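Using full-length UniProt numbering, read the sequence shown as starting at 1 and increasing by one per residue. Yeah, the Cβ is synthetic: ideal placement off N, Cα and C, and Gly gets one too. From a predicted model like this one, the values you see are computed outputs, not experimental measurements.
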Amino acid sequence: GDGTHASGGAFLDTVTIGDLTAKEQYMVQVDKVFEPTEMQEDGVLGLAHRYVQKTDTSDDGRLTFMETLFSTNPDLPPGFAIYLTGEIDQPSLLIFGDPDIPSYSKETNFHYGKSEYMVETDLWLTSVWSVGWSGLGFEKTFDDGGVNGGAAMIDT
């Protein structure tokens with residue numbers, strides 16, 4: 001690894017988001033993090049697929065939130081979308097299932113990032129060149145990654 005390590009506790013609890021519930025969800029509470037890298041990340045709820053080392057053949061039965069959510073709600077299409085806005089009267093959304101693209105997207109065509117990081121790590125990583133906020137005039141460029149742009153973790 002990169003030398004990052006964390007300490008905290010693990011527990012089971014019920015997680016409810018809107019009208020969706022994941023019972024006996026395994027969670028980890030991180031109290032302290034030592035991170036020698038310069039990666040900037042933050043998160044509250046992991047939205048990643050299940051990650052098991054290629055050499056790990058054990059199955060401890062601990063499911064990710066996404067696995068629990070979609071296995072207990074089989075009629076819900078397996079996907080999620082995040083709609084970010086800076087408007088008070090139109091709040092940001094976390095959408096599980098059908099993202100209703102015509103209602104929330106400014107563009108109907110998808111723009112995919114490079115899959116190089118995903119192939120190397122088996123994680124939901126892609127690359128981005130920049131992030132901008134429409135109407136605010138703010139843009140952050142990640143040009144230190146060369147031709148690949150900056151690494152972007154789709155899940156935190």
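Sort GLY8, GLN29, ASP31, MET66 by Cα distance to LYS23 and report the nearest one. Walking along the sequence shown from the start, residue 23 turns up at place 23. If we check each option's Cα against that of LYS23, MET66 comes out closest.
What does DSSP give as the partner residue(s) for TRP129 in the beta ladder? Position 129 of the sequence shown, counting from 1, holds the residue named residue 129. DSSP lists no partner for TRP129.
Beta-carbon gap between GLN25 and THR72 smaller than 8 Å: Here the question's residue 25 lines up with position 25 in the sequence shown. Here the question's residue 72 lines up with position 72 in the sequence shown. No, these two residues do not count as a Cβ contact at 8 Å.
Excluding five sequence neighbours on each side, which residues of the same chain lie with their C-beta closer than 8 Å to the C-beta of GLY70? What you label residue 70 is simply residue 70 of the sequence shown in a count that begins at 1. Checking the displayed sequence, the identity of residue 70 turns out to be Phe instead of Gly. For PHE70, where only same-chain residues beyond five positions count, the Cβ hits under 8 Å are LEU76, PRO78.
State buried or exposed for THR64, treating a residue as buried only when at least 16 other CB atoms are found within 10 Å of its CB. On the sequence shown, position 64 is the one that residue 64 refers to. So THR64 ends up on the buried side.
From this set, ALA10, SER130, PHE138, HIS5, which residue's C-alpha is nearest ARG62's C-alpha? The count along the sequence shown starts at 1 and reaches residue 62 at position 62. Nearest option by C-alpha distance: ALA10.
In the DSSP assignment, find the unbroken beta strand (DSSP E) run with PHE142 in it and report its ends. Within the sequence shown, residue 142 is the residue found at index 142, counting from 1. Unbroken run through PHE142: none, as it is neither H nor E.
Kindly identify the DSSP beta-bridge partner or partners of SER7. Residue mapping note: residue 7 aligns to position 7 of the sequence shown, counting from 1. The partner list for SER7 (beta bridge, DSSP) reads LYS32.
Starting from ILE95, follow its DSSP beta bridges and name the residues at the other end. Counting from one through the sequence shown, the residue named residue 95 turns up at place 95. DSSP, once it has assigned bridges, lists ALA81 as partnering ILE95.
Give me the Cα-Cα distance between PRO74 and GLU107, rounded to the nearest whole angstrom. Position 74 of the sequence shown, counting from 1, holds the residue named residue 74. Position 107 of the sequence shown, counting from 1, holds the residue named residue 107. Taking the straight line from one Cα to the other gives about 29 Å.
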